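Residue numbers (our numbering): 1 to 65.
We treat Cβ as the ideally placed atom computed from N, Cα and C, and that holds for glycine.
These numbers come from a predicted model, not from an experiment.
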Ligand code: SF4
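Following this line, the structure appears as C-alpha cells:
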C-alpha cells in the first residue's frame, strides 16, 4: 500500500501527523508529506486508512501501482 499527500489540498492541520507520525511528517508551514516515498510499512495499513479518513481536506490518497 502506498499513500500520497496532495500538497494543493493540504491545509496544514497536522491531524495526520498526530495520528501517524511514522507515515507522514509536516514541514515548517505545517503541511504534510509522506514518509518512505509513501510506502506504508507492513501492519500499518489500518493507520494509513485512519489518516485518510480523518483528513478534513481529503488530501491523502492511496496510490494505485
Ligand atoms: S490532515 Fe490533511 S490537511 Fe491536515 S496536515 Fe494532514 S494531509 Fe494536510
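Item: How about residue 4 and residue 38: do their beta carbons lie closer than 7 Å?; Value: yes
Item: Give me the DSSP bridge partner(s) of residue 7.; Value: DSSP lists no partner for residue 7.
Item: Taking only the alpha-carbon atoms, compute the straight-line gap between residue 9 and residue 55 and give it to the nearest angstrom.; Value: 10 Å
Item: Between which two residues does the beta strand (DSSP E) containing residue 32 stretch?; Value: 32 to 34
Item: For residue 25, which residues does DSSP report across the bridge?; Value: 33
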